[in-house]
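First comes the structure, then the notes that go with it.
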Amino acid sequence: IDWRSVLFFGLPGMLGTLVGAWLGGLAAETIQLVVFGGVLLAAALIMLRKPGNTEAINDSSSQRSPAWKIGLEGILAGILTGFVGVGGGFLIVPALVILGKLPMRLAIGTSLVIIAFQAAVGFTKYEFYLEANNLSVDWQTILIFAVIGIVGSIIGRQINTRLNQQKLKSIFAGFLLLLGGFVIVHEGGKYLHAAAPASTPPGIVHSNHIQTKSLISVHINKGEK
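Using our numbering, you'd call the opening residue of the sequence shown number 170 and step up by one each time.
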């Protein structure tokens, strides 16, 4: 674990998470999910386009991003993860690899510590929001996802040890592309469908037009009589 990144990325990120969670409480669910999908796609493209060797990390401070830059990245990542209500590994890992100059495996381990801090802050903020709206946390769903996540992390750990850094990076980016594309298509389609004005089928419009003309004709004929 790179504790320098935990300190300068994670702590400012907790502040950003509070701001993002507050903004998330004001936004519609569909908007949150579309933003989530867009961020996933952006992170995936950055991971795929960025060349370079991530097998080793140079301990020289000249090769590392300055503390203020890491802190700014942490705040922005915290705002986004707090807004969409997720742990943020999809965003924190690329940020640590590309901007923090960490190798992939070190970035994954470091991100878990940062995610734990940010998730705790975000959960606390959303808990107040739920109570204010007479809602509650679905602990049964949390338990199910936690068990599945633990099993998945064990399997992922075994796969991780058998892949080189570049291949692991490409797989991670591909997963982000698929998930981001699905979220945007699914939620964007729902948003456009809901925003579209209700239209009357052409056959009904034509029928109503004929009925209206008939009523007018009858009224005129009665007047002439």
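Beta carbons: idealized from backbone N, C-alpha and C, even for Gly.
First and last residue of the uninterrupted alpha helix (DSSP H) at residue i
{"i": "glycine 243", "result": "236-253"}
{"i": "serine 322", "result": "308-329"}
{"i": "leucine 187", "result": "180-195"}
{"i": "glycine 258", "result": "258-263"}
{"i": "phenylalanine 297", "result": "273-301"}
{"i": "phenylalanine 205", "result": "198-218"}
Member of the options whose CA lies at the smallest distance from the CA of residue i
{"i": "proline 235", "options": "Pro263, Arg173, Val354, Asn302", "result": "Arg173"}
{"i": "valine 188", "options": "Ile215, Val203, Leu245, Gln201", "result": "Leu245"}
{"i": "methionine 183", "options": "Lys270, Val282, Ile319", "result": "Val282"}
{"i": "aspartate 171", "options": "Leu180, Leu271, Phe205, Trp237", "result": "Leu271"}
{"i": "glycine 240", "options": "Ile353, Leu176, Leu312", "result": "Leu176"}
{"i": "phenylalanine 351", "options": "Pro181, Val203, Phe341", "result": "Val203"}
For residue i, the three-state DSSP class (helix, strand or coil)
{"i": "serine 339", "result": "helix"}
{"i": "lysine 382", "result": "Caution applies to lysine 382, whose pLDDT of 44 falls short of 50 and renders its modelled position unreliable; the model cannot decide the point."}
{"i": "leucine 304", "result": "coil"}
{"i": "lysine 270", "result": "coil"}
{"i": "isoleucine 353", "result": "helix"}
{"i": "leucine 332", "result": "coil"}
Buried or exposed by the 16-neighbour rule on C-beta atoms within 10 Å, applied to residue i
{"i": "valine 306", "result": "exposed"}
{"i": "glutamine 327", "result": "exposed"}
{"i": "glycine 185", "result": "buried"}
{"i": "threonine 330", "result": "exposed"}
{"i": "glutamate 300", "result": "exposed"}
{"i": "isoleucine 324", "result": "exposed"}
{"i": "isoleucine 319", "result": "exposed"}
{"i": "threonine 279", "result": "buried"}
{"i": "leucine 260", "result": "buried"}
Exercise. Say whether the region 247-257 touches the region 331-340, bearing in mind that this needs 3 or more beta-carbon pairs closer than 8 Å, one atom from each stretch.
Key: The region 247-257 is not in contact with the region 331-340.
Practice problem: Examine the Cβ distances between the region 309-318 and the region 192-207 and report whether three or more of them are shorter than 8 Å. | Solution: Contact between the region 309-318 and the region 192-207 is absent, because fewer than three Cβ pairs lie under 8 Å.
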